[in-house]
């Protein structure tokens with residue numbers, strides 16, 4: 007067991023060391039606290055972000071009731087497995103406006119989780135992203151000279167601890183507490199010119215940093231039962247109440263020199279703004295509540311199909327510090343439809359028969375409205391669950407193809423490909439000795 011714990015610690019250390027990498031290049035991360043990042047595990051994302059299905063070997067971060075479940079009743083009825091999972095993400099995005107295109111790519115750590123069985127109880131802890139900021143934008147004046155250059159990075163992460171209880175063979179409940187932490191940094195450089203339209207020696211720059219923290223809770227319920235003697239009906243419900251994020255803010259103005267080759271700026275004179283006198287040093291961001299309901303049917307260890315809806319009252323989002331003209335937040339939702347198929351999970355001489363084949367589609371109204379245009383996202387996904395290592399461990403892959411935004415009203419349309427890969431490790435750590 008010591009060796010297993012040591013292996014987990016190494017993976018955790020490597021994962022956290024890469025956690026600061028930006029996972030987005032979306033210009034829409036300019037708004038609010040960035041683009042919402044976590045859309046479920048690799049298995050969820052390969053089924054159109056569907057999370058209603060739960061099993062004994064994969065973690066489900068969206069519903070804390072999944073932290074416990076029925077015993078396996080194999081290997082002398084030793085009980086449930088310890089689950090560990092870690093995920094990575096690669097994305098490639100084409101950004102298109104009415105007059106130009108560009109490409110961007112990002113690689114980032116996705117999530118980390120550990121689930122421990124405790125009789126009818128279950129405990130889980132982990133680290134997941136929540137939002138990500140990563141953009142570089144430019145605007146021009148009437149004679150096509152650069153007027154402003156905007157840049158931002160950072161985001162909010164969640165460390166969570168959750169517990170669940172198996173009420174009966176069919177029903178489990180759970181909750182988790184999430185500690186939100188992170189920072190968002192953004193800057194704007196204004197370019198000034200002389201009468202001959204030559205750039206001045208010094209330009210002006212405004213820089214902002216917000217350090218965010220807060221706690222929120224998530225509650226869940228899962229039902230799984232047999233109907234018509236051979237099919238399994240799955241239903242899930244999860245609710246996260248509204249909460250506040252505390253923001254400690256800093257703002258500076260500076261005169262900068264721009265390197266004409268690299269484009270980097272170097273401050274000459276810098277002044278820190280007294281935000282405390284403006285009642286803006288410490289502010290609260292009102293975060294929306296979230297409601298999720300899913301329903302699905304399948305044949306155990308063979309196939310499953312389900313649908314799910316998630317609603318968020320994003321219109322309540324507010325911040326005294328963040329106020330951008332021609333933009334607002336509206337209530338949002340996510341619709342998912344997906345499932346999986348396993349040719350023969352018990353086949354040990356045909357490897358491809360034990361692979362899990364997953365697919366799904368989704369539509370999301372993101373809640374962001376710019377220039378009276380709702381920013382929507384639509385996508386299709388598929389993926390594989392590939393047996394690896396021990397009997398219950400596997401490698402999961404997901405490929406998402408989709409579109410976000412619009413070219414209308416001088417906005418930007420994103421066409422993206424997301425590739426996710428995760429490792430699900432499962433083992434029995436707590437085994438009763440049968441022989442001395």
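Residue numbers (this note's numbering): 7 to 442.
Think of the CB as a built atom: it goes at the ideal place given N, C-alpha and C, for glycine as much as any other residue.
Residue 214 and residue 186: beta carbons closer than 8 Å? no
Check this for me: beta carbons of residue 244 and residue 226, under 8 Å apart or not? yes
Check whether the Cβ atoms of residue 52 and residue 387 lie closer than 8 Å to each other. yes
For the ligand NAD, is there any heavy atom lying closer than 7 Å to the beta carbon of residue 303? Ligands are entirely absent from the displayed structure, and the ligand NAD is therefore not among its contents.
Once DSSP output is grouped into helix, strand and coil, what is the label at residue 146? strand
With distances taken between CB atoms, is the gap from residue 181 to residue 168 smaller than 8 Å? yes
Taking its Cβ as the centre, do 16 or more other Cβ atoms sit within 10 Å of residue 307, making it buried, or is it exposed? exposed
Out of 426, 431 and 422, which has the shortest C-alpha to C-alpha gap to residue 101? 422
Residue 154 bridges to which residues according to DSSP? 145 and 196
Between 414, 345, 430 and 377, which lies nearest to residue 56 when the distance is taken from Cα to Cα? 345
With 16 other CB atoms within 10 Å as the buried threshold, where does residue 260 fall? buried
Measure the CB-CB distance between residue 64 and residue 404 and report whether it falls below 8 Å. no
Alpha carbon to alpha carbon, how far is residue 190 from residue 216? 5 Å
Using the C-alpha atoms, what's the distance from residue 321 back to residue 337? 5 Å
Spatial neighbours of residue 17 in its chain, beta-carbon cut-off 7 Å, leaving aside the 5 residues before and after: With a pLDDT of 48 at residue 17, under the threshold of 50, the modelled position of this residue cannot be trusted, and the question is left open.
Paired residues, beta bridge with residue 271 - DSSP: 264
Host beta strand (DSSP E) of residue 296 (start-end): 296-305
What first and last residue would you give for the alpha helix (DSSP H) that runs through residue 48? 48-52
Classification of residue 280 by the beta-carbon crowding that lies within 10 angstroms, buried from 16 upward: exposed
Looking only at its chain, what residues have a beta carbon closer than 6 Å to the beta carbon of residue 424, apart from the 5 residues adjacent to it on each side? 97 and 406
What is the DSSP secondary structure of residue 126, counted as helix, strand or coil? coil
Looking only at its own chain, which residues have a Cβ that is under 8 Å from the Cβ of residue 229, when we skip the five neighbours before and after it? 176, 177, 239, 240, 241 and 242
Reducing DSSP to helix, strand and coil, say where residue 70 ends up. helix
For the putative contact between residue 415 and residue 355, defined by C-beta atoms under 8 Å, what is the C-beta separation to the nearest angstrom? Incorrect: roughly 59 Å between the Cβ atoms, too far for contact.
In or out: residue 283 buried (at least 16 other Cβ within 10 Å) or exposed? exposed
Let me know if residue 276 comes out buried or exposed under the rule of 16 or more other beta-carbons within 10 Å of its beta-carbon. exposed
Name, in chain order, the residues that DSSP records as bridge partners for residue 364. 346 and 389
Backbone CA spacing between residue 170 and residue 89 [nearest angstrom]: 14 Å
Can you check which of these residues, 107, 111 and 115, is closest to residue 48 by C-alpha distance? 115
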